[in-house]
Structure formats: C-alpha cells, structure tokens
Amino acid sequence: MSALIFTLKTQPTQRVDMSPLVCQTLQGLSIADITALELQSGKRKFRVDELFTIDGSDAQNIVIKNSMDKLDFIGKELDGGTITVEGDAGAYLGMGIKKGEIKVSGNAGLYAACEMKNGYLEVSGNVGDFLGAALAGNKMGMKGGIILVKGNAGQRVGDHLRRGLILIEGNAGDYCGSRMTAGTIAVMGNTGRYLGYAMRRGTLLLWNAPQLSASFNDCGAHTLAFLPILFNSFKALNSKFADASVSFNRVQRYAGDMAEIGQGEVLVKL
Amino acid sequence: MIINGVTIDATFAEAFPMKATRAIITAQNEKWAMIAAQTMTGFATSVIACGCEAGIERVLNPDETPDGRAGVSVLIFAMGGKGLAKQLETRAGQCVLTAPTTALFAGIDSDIQIPLGKNLRYFGDGFQIAKKITGKRYWRIPVMDGEFLTEATTGQVSAVGGGNFLVLAKSQPQALAACEAAIEAMRKMPNVIMPFPGGVVRSGSKVGSKYKTLGASTNDAFCPTLKGATKTDLSPNIESVMEIVIDGLTKEDIDNAMRVGIQAVCDLGAAEGIERISAGNYGGKLGPFHFHLQEIMA
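Just so you know, the sequences run in chain order C and R.
My numbering puts the first sequence at residues 1 to 270.
My numbering puts the second sequence at residues 1001 to 1298.
Written out as structure tokens, the structure is:
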C-alpha cells in the first residue's frame, strides 16, 4: 500500500488547522470521505480537496508535500503511524503526540511537540519558541518521547518539561529548560540567557559552556556512569548525536535552579 | 551404564521450581566488579537457611555490559517471588551499592519486574535522579565516590533449583579433584550456578532428622564413616562422596550442565579413583523435575 500523500496545491492566506489529518482519524476512511473532511482556516472551512491533491491510500503513512508554515497542528495527538512533512510546518506541530513518528524536512513554528506524551519528532530545520513546552497556563510540558532538532530552537525549549528527551544539534534560545520538572535537554550548539530558569529537576546536557545565572552552583568535574548509556541510546538516530565521537562522560556539573528546589543539573562537556 | 570405568547409577536427581533473576554488576575494572559480585552472592548456598541461592554466572566483556565497563553477571534463586525480591534488594543495597565504582543493571527480561534499585534510591535522601533511557528507568544515587547508577528493576523468571549429582570416589582427594574438574567445565555453561562453596557440597542432606526441630540432616546413607553403622548406599571401597548442586533458569540448562560435569568426572575415570556417579532424590515427592543420570549421559 502506498503512502497517503497530501500535496498542497494552493497557498492559503490564513492559517490552516491540520489536526483532522492524522493517521488514527483517517484510518478506514475512503478517499471520498477524506476529501470531504473540512479544515478550519481563519473563519472559513475548506474541504481537504480545495487545498490538497490526494494520492495513495495508506493512512498509517501520511506524507504532506509542499508544506508551508501556515499549516498548524500537523500530527496533533498522533496515536501511531508516521507523518512526513516535506517543507515547513506551522505552529503546534505534533502537539500532544501519543505514539508514532513525525518528520519535517524544513522548519517548524511555535510550540512544536508541546505536551507531547510519547513517540518521535524530527525537524531537519529550525523550530520556534516553546519546543516541547506546556501550553500557556498549563503546568506540564512534554511527558515522554524524543524530539530531535537538527537546526536551532527558539526560546523556552522544554518549558515545564516533565519527562522525555529533547536533542538540539544547533543552538537554543533564552530560557532553555525553564521550569523543567524532569527530563533531559541536550544542546550541541550554544544556549541563550537564563538557562534552566526556575528548573526543579532534570538535566541540561551541553557541549558548550553556557552563561549561567547566579542561582546555579558549581558541583565540580565528574565522570558520570549514566552518560555512556544515554549516548548509546542515540545510536539509532539519524543525527550528529549518533556519532560516537561527540559522546563524552566527563562533565562539569552545576546544580540548580537554587531559587527553586535546586535538584536540576546543568552538565557541561569537559 | 559405565563410562570410563565409572558406574552411572540408574537413579535421578530431583529438583523443584524456583524463581530467579539475573543482575549485572559493572565496575571500574573486573577486580571490583568481581568483589561486588562475590559479596552479593556470599552466604547464599542454600535456601534452607540463606533465604536464597546465588552465584556468579560469568565474567562479562566490556562490550557485553550496558555501560561498556568490565562486568560480572550473577544469578539469584529463591523459593518465591517475594523472597527473591527481598534478597535481591538487601544484597544489592549492602553489597553492590557499597562497593566502590560499581553500577548495577538488570540482566534478564520478563513481564514480571522486581525492584533492583527502585527502593535503593531512597539512600539518595532526595538528591537521587531518575533517568528513563530507551524505556528503562535508571536511578543515579549520589555516593561518596561519585554516583551509583542502578537500573530500577530487573526481570523475575521461573527457574529450577536443586539439580545435583554425587561423585563417589576411593579417596577424599580424588573426589575433590573430580568435583573441581566438573565445576571448571560447568562454569562455562550459561544460565546455571553451582551455589555451594567452590561449587561443591560435602554435606549432602536427607529430608528429616531424629531431632524434631530439624527439617534436614546428614545423608547417612552416603557417609563413608557410617558404612557399618547405617543402611549404606556405599560399597566398601568408597571412602568419600561429594555433591554438586545446580540451579538453572530452565530444566535444559541443568541437563546440559550436568552432562558436561559428569563427563568431566568420567574423563578422570576409574583410573583416578572415581567409582560411581549417583544423585539425590526423595522418591519423586520433593519436586516435579527429575534428571535421570543415564538419560542425560546417553
């Protein structure tokens, strides 16, 4: 069975809510049913075939071609299957994923993988602010799964992160790991100001020395046994993180945020 | 059946169901992994008074361990899951957590999980850190030499305990030499341990005693000094009997271990003073697993 391919044939002027086009919703629907689905865009609703041409039939393997940054909520609450986005994705990409895999060849907007529960999200380009974060007003961000960003990430990466792994090959903006409750964020590039702001627990794993707030205390240089196991788990990824030459187990450890309960840590490669 | 002049008795060893788990101990080097493993599996010869039977299964190469360091795998057997969990946790806490540079990992998969470091984490007094990596939960417990890393749980599986055979020889040194040869061969087999000191038991027991408080007592039928004083199983020329007890994850594992062990004894043969191979059983009443010596060696 060939992948179910949605090719964007027009450039919508307003943002489009793509949340109906997820594997579990489309499973068992005929092409006619799928084309008749309605997508909210601004104050209008479009039939799917007004925006996309449709090919293929495998609803567990969805491909979105010619994608652009106005397509929001791609893969919302995905519960199994794969979604491949060729081009950019809008805001709320993979919001609340429960299971399955989303890959984006371009960039993604705000709140990518916000409140993700499990599964895998890969963005080849950059992502906007609030990657893996909690929605505004909510207390729990990402709760599980893996996010891989090959480019840079915006501000507030992993805000309220609860569990799971965020890997960023490029740089991360200000407030990376803010208000983390647990989980791991690894950044190969540089990090911005207010790293780990108000983090309670969790690990920020860095390749480059950050600009740390005064509320992070130096705990010294250490060889940590869990790091080889963590790096070993990256081996299956299509990423720089899978390269054995980037791994390390010797780190400078900073505890913080001491303005919170101080059980988080920033580990910097030595 | 006679192999190389050694008579294989037409009898069987009788074994019983147990619960078992495997843990992997790693350390900075093999020396310290082995020290921790030996300590963890100490005083674990028999469930009768030790609470469990435990032993070192084998040394692991760094490429076989989760953290890429030298390691040792240990097997622990107990009569029930509850007892196994208690013994595992106590021994992990007192013998591995305390041993310098060690880390502790699950060594067996199973739907039934029992705590490995899950409760040891409280030693961290709030400073412990959980990490879930590829579906497995680890605990990082701060300790004075750095950090003790332990997997939260390990698997519990059904297993078999009490496989055995007896080596009957013309002298004590010859019995011991034969048992040493058997143990050397059996230690190369996977999924089994020989829990007694050096793998050899010199005080095999029978069920019951003339003393009401004792559930087991010396196996007088195989005691050479009692040949004229009890209903003996020994011929006049047998001066020493030693036993090898085997616990294994499956009946087949014990079959294989017994085969190589008995073969190693028979390779020494009558020329080295080995007279007979026998086995301990209780008339089939103790356990459902029967290891017929002649079938194993056929």
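The beta-carbon is built from N, C-alpha and C at its ideal position, and this holds for glycine as well.
Remember, it's a predicted structure, so these values are computed and weren't measured experimentally.
- Task: Specify, as a first and last residue, the run of the beta strand (DSSP E) that Gly1055(R) falls within.
- Result: 1053-1060
- Task: Within 10 angstroms of the Cβ of Glu1252(R), are there 16 or more other Cβ atoms? Answer buried if so, exposed if not.
- Result: exposed
- Query: If we ignore side chains and look at the alpha-carbon of each, how far apart do Leu1075(R) and Ile1056(R) end up?
  - Reply: Rounded to the nearest angstrom, the gap between the Cα atoms of Leu1075(R) and Ile1056(R) is 6 angstroms.
- Item | Below-8 angstroms beta-carbon distance, Glu1030(R) vs any chain C residue | no
- Message: Tell me whether the region 1102-1120 of chain R and the region 1059-1075 of chain R touch, counting them as touching only if at least three CB pairs, one residue from each stretch, are closer than 8 angstroms.
- Response: yes
- Query: By DSSP, does Ala259(C) sit in helix, in strand, or in coil?
  - Reply: coil
- Determine the closest residue to Asn1061(R) out of Ala1229(R), Ala1216(R), Ala1027(R), with distance taken between C-alpha atoms. Ala1027(R)
- Task: Could you name the residues that DSSP lists as bridge partners for Tyr120(C)?
- Result: DSSP, once it has assigned bridges, lists Glu101(C), Ile146(C) as partnering Tyr120(C).
- the region 242-259 of chain C touching the region 1079-1088 of chain R, judged by at least three CB pairs closer than 8 angstroms: no
- Could you spell out the range, first to last residue, of the alpha helix (DSSP H) harbouring Ile1183(R)? Looking at the DSSP string, the run of the alpha helix (DSSP H) that includes Ile1183(R) is 1172-1186.
- Message: For a quick check, are the C-beta atoms of Thr1230(R) and Val1160(R) less than 8 angstroms apart?
- Response: no
- Message: On the CB-based measure, 16 or more other CB atoms within 10 Å of its CB, does Glu1184(R) come out buried or exposed?
- Response: exposed
- Spatial neighbours of Phe1012(R) within its chain, please: CB distance less than 7 angstroms, with the 5 preceding and 5 following residues excluded, ordered by chain position. Ala1279, Asn1281, His1290, Phe1291, His1292, Leu1293
- Item | Contacts of Arg1140(R) in chain C (Cβ-Cβ under 9 angstroms) | Leu224, Ala225, Phe226
- Measure from the C-beta of Ile229(C) to each C-beta in chain R and report whether the shortest distance is under 8 angstroms. yes
- Ala3(C) - containing alpha helix (DSSP H), residue span: Ala3(C) -> not in any alpha helix (DSSP H); beta strand (DSSP E) instead, spanning 3-8.
- Can you check DSSP and say which residues form a bridge with His1290(R)? Glu1014(R)
- Task: Run down chain R in chain order and give the residues with a C-beta less than 8 angstroms from the C-beta of Ser233(C).
- Result: Ile1133, Thr1134
- Contact belief for Arg163(C) with Lys139(C) at Cβ below 8 angstroms, rounded distance in angstroms: In fact, because the Cβ distance is near 14 angstroms, the residues do not count as touching under 8 angstroms.
- Task: Kindly identify the DSSP beta-bridge partner or partners of Gln1113(R).
- Result: The partner list for Gln1113(R) (beta bridge, DSSP) reads Gly1155(R).
- Along chain R, which residues have their Cβ under 9 angstroms away from the Cβ of Arg250(C)? Here the premise fails: no neighbours, minimum Cβ distance about 12 angstroms.
- In this structure, what does DSSP give as the bridge partners for Asp218(C)? Tyr254(C)
- Query: When the cut-off is 8 angstroms and only beta carbons count, does Ala1103(R) lie next to chain C?
  - Reply: yes
- Touch test, the region 1255-1273 of chain R against the region 1175-1182 of chain R, Cβ-Cβ under 8 angstroms, three pairs minimum: yes
- Task: With 9 angstroms as the limit, tell me which residues of the region 1147-1161 of chain R have their beta carbon closer than that to any beta carbon of chain C; keep them in chain order.
- Result: Glu1147, Phe1148, Leu1149
- Item | Sub-8 angstroms separation of Thr82(C) and Thr7(C) beta-carbons | no
- Task: Return the Cβ separation of Gly170(C) and Gly151(C) in integer angstroms, given the expectation that the two are a contact with Cβ distance under 8 angstroms.
- Result: 5 angstroms
- To which residues does DSSP link Pro1190(R) through a beta bridge? Bridge partners of Pro1190(R): none, in fact.
- Item | Three-state class that DSSP yields for Lys1031(R) in the structure shown | Helix.
- Does the separation of the CB atoms of Ala1015(R) and Gly1204(R) fall below 8 angstroms? no
- Query: Using Cβ-Cβ distances below 9 angstroms, what residues of the region 194-206 of chain C are close to chain R?
  - Reply: Arg201, Gly202, Thr203
- Item | DSSP-derived helix/strand/coil call for Glu1243(R) | Glu1243(R) falls in the strand class under three-state DSSP.
- Along chain C, which residues have their Cβ under 7 angstroms away from the Cβ of Asp1063(R)? By Cβ distance, chain C contributes nothing, its closest Cβ being about 11 angstroms from Asp1063(R), past 7 angstroms.
- Query: Under a Cβ-count criterion, where at least 16 other Cβ atoms within 10 Å of its own Cβ denotes burial, should Ile1244(R) be classed as buried or exposed?
  - Reply: buried
- Message: Strictly under 8 angstroms for the Cβ-Cβ distance: is Arg179(C) near chain R by that measure?
- Response: no
- If we call anything under 8 angstroms between Cβ atoms a contact, is Ile1114(R) one with Val1072(R)? No, the Cβ-Cβ distance between Ile1114(R) and Val1072(R) is not below 8 angstroms.
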